[in-house]
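Some notes on the structure that comes next.
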Amino acid sequence: MAIGVGTIGLFTTLGAIFYAGSLLGLNSMDSLFIAAALSISSTAVIVKILEEMGRIKSESTILVLGILIVEDVVAVILISSLQSIALVGSVSIESIVVVIIVAIGLIVGTFTIGTRVITPLIDRVAAAEHREILLLSVLGVCFGYALLANIVGLSVAIGAFLAGVLVAESKSSEVSKLLASPIKDMFVAIFFISVGALMDVSQLQNYIVLSIALIILAITMKFSGNMLGNFIFRQQRTKGIRSAFTLAAPRGEFSIVIIKTGVDIGAVSAFLFPMIGVISIVTAFLTPFMIKASDKITPMLEKKNV
1 MAIGVGTIGL
11 FTTLGAIFYA
21 GSLLGLNSMD
31 SLFIAAALSI
41 SSTAVIVKIL
51 EEMGRIKSES
61 TILVLGILIV
71 EDVVAVILIS
81 SLQSIALVGS
91 VSIESIVVVI
101 IVAIGLIVGT
111 FTIGTRVITP
121 LIDRVAAAEH
131 REILLLSVLG
141 VCFGYALLAN
151 IVGLSVAIGA
161 FLAGVLVAES
171 KSSEVSKLLA
181 SPIKDMFVAI
191 FFISVGALMD
201 VSQLQNYIVL
211 SIALIILAIT
221 MKFSGNMLGN
231 FIFRQQRTKG
241 IRSAFTLAAP
251 RGEFSIVIIK
261 TGVDIGAVSA
271 FLFPMIGVIS
281 IVTAFLTPFM
291 IKASDKITPM
301 LEKKNV
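Residue numbers for the sequence shown follow full-length UniProt numbering, beginning at 1 and rising by one.
Below you can see the structure in the form of structure tokens.
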């Protein structure tokens with residue numbers, strides 16, 4: 001379900017923004033990169049907000065998290081493809097197939113071998129009741145898996161996520177989460193501060209109208225695309241609406257990475273980098289309001305069904 005709904009929502013958004021970017025005066029490469037960036041929802045923002053709202057274990061959240069995993073894998077493929085298009089002028093089908101096979105292999109290996117080897121080791125460390133050693137072990141699994149993902153050509157974010165899956169399967173998952181939480185918050189802050197320090201917003205006033213248009217279009221198309229996917233795969237209406245509202249707004253880490261990649265190789269205009277930063281901030285701010293909007297709409301639908 002997550003693969004189907006997530007793919008439909010992502011590529012519907014990508015196609016619409018690419019076409020709209022061309023109409024708004026962007027060149028083809030700028031339109032392609034900004035479309036890819038705005039088609040990926042922010043895992044970090046969504047998970048943080050859902051945790052703070054106490055909804056991380058709800059039924060619709062399970063679907064949202066599954067879609068976010070799919071989008072992270074697709075983001076890695078998009079980055080590889082966009083680099084190939086910008087540098088060579090064509091897409092290497094072989095490289096895309098390799099990325100997909102490697103991603104599937106790493107995920108399957110995590111749920112089979114990883115849960116039988118690494119998870120019991122975490123429990124053994126936890127049994128010693130030395131919290132400092134447990135924290136170091138959890139961080140070691142995180143960085144180790146991130147390094148492994150990077151070596152095989154995937155995103156470090158996917159590796160870190162799978163490391164979190166292994167920790168969550170252990171009996172000491174709650175303790176590990178509490179111990180790692182301050183470090184997680186610190187790294188999130190470092191990421192956004194370092195990215196912000198790279199942005200030159202002096203010319204941003206020239207692109208305010210474009211930014212607003214892209215924000216409205218990105219939210220509308222992501223919501224519509226996910227609703228279409230939920231309809232095609234016959235998800236419960238209220239569940240589909242909640243997940244579509246949650247995924248509609250936030251853009252973040254992968255959006256920034258995609259545009260930064262394009263700027264670094266000279267494929268896109270430099271103004272896109274500060275613009276995607278502003279879009280990420282605005283959409284992250286809108287996300288809680290989108291989630292609360294779904295709370296008002298779903299009860300109305302349930303009454304109609306009754």
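Ideal Cβ positions, reconstructed from N, Cα and C, are used throughout, including at glycine.
Item	Value
Nonlocal neighbours in the same chain, by C-beta distance under 6 Å from residue 171, ignoring five residues either side	123
Member of 211, 280, 50 whose CA lies at the smallest distance from the CA of residue 26	211
Sequence-distant residues of the same chain with beta carbon closer than 6 Å to residue 195, five excluded per side	256
Which of helix, strand or coil DSSP assigns to residue 29	helix
Proximity of residue 17 and residue 38 at Cβ, strictly below 7 Å	yes
Chain-order list of residues whose beta-carbon lies under 7 Å from that of residue 131 (same chain, five-residue window excluded)	179
Simplified DSSP assignment, three categories, for residue 292	helix
Neighbourhood of residue 250 by C-beta, 7 Å cutoff - its chain only, sequence neighbours within 5 removed	41, 42, 45, 46, 283, 284, 287
Host alpha helix (DSSP H) of residue 169 (start-end)	It is not in any alpha helix (DSSP H) - residue 169 carries neither H nor E in the DSSP assignment.
Cβ contact (3+ pairs, closer than 8 Å) linking the segment 173-192 and the segment 135-152	yes
Span separating the alpha-carbon of residue 28 from that of residue 258	16 Å
Helix, strand or coil at residue 3 according to DSSP, with G and I counted as helix	helix
Residue 174 versus residue 168: straight-line alpha-carbon distance, rounded	8 Å
Beta-carbon proximity check, residue 274 vs residue 204, cutoff 7 Å	yes
Per-residue burial, residue 202 [other beta carbons within 10 Å of its own, 16 or more giving buried]	exposed
Residue 24: first and last residue of the uninterrupted alpha helix (DSSP H) it sits in	Neither: residue 24 is in no alpha helix (DSSP H) and is coded neither H nor E.
Length at least 4, wholly inside the segment 46-98: the alpha helix (DSSP H) runs in chain order	59-88
Per-residue DSSP class, three states only, for residue 306	Bear in mind that a pLDDT of 49 at residue 306, under 50, signals an unreliable position, so the model cannot answer this.
Neighbour-count burial assignment, residue 32, 16 or more Cβ in a 10 Å radius	buried
Span of the alpha helix (DSSP H), counted from its first residue to its last, around residue 252	Premise fails: residue 252 is in no alpha helix (DSSP H) and is neither H nor E.
Beta-carbon proximity list for residue 306, same chain, < 7 Å, skipping 5 on both sides	Because the pLDDT at residue 306 is just 49, under 50, the model does not fix this residue reliably, and the value given afterwards should be weighed accordingly. If we look at residue 306 and ignore the five residues flanking it on each side, it has no Cβ neighbours.
4-residue-minimum alpha helix (DSSP H) runs that sit fully inside the segment 115-192, ordered along the chain	115-127, 131-151, 156-168
Rounded C-alpha distance that separates residue 59 from residue 24	39 Å
Meets three-Cβ-pair contact criterion under 8 Å: the segment 114-128 and the segment 94-102	no
Nearest neighbour of residue 252, chosen from 246, 271, 281 [CA to CA]	281
Proximity below 7 Å, CB of residue 3 to CB of residue 70	yes
Per-residue burial, residue 76 [other beta carbons within 10 Å of its own, 16 or more giving buried]	buried
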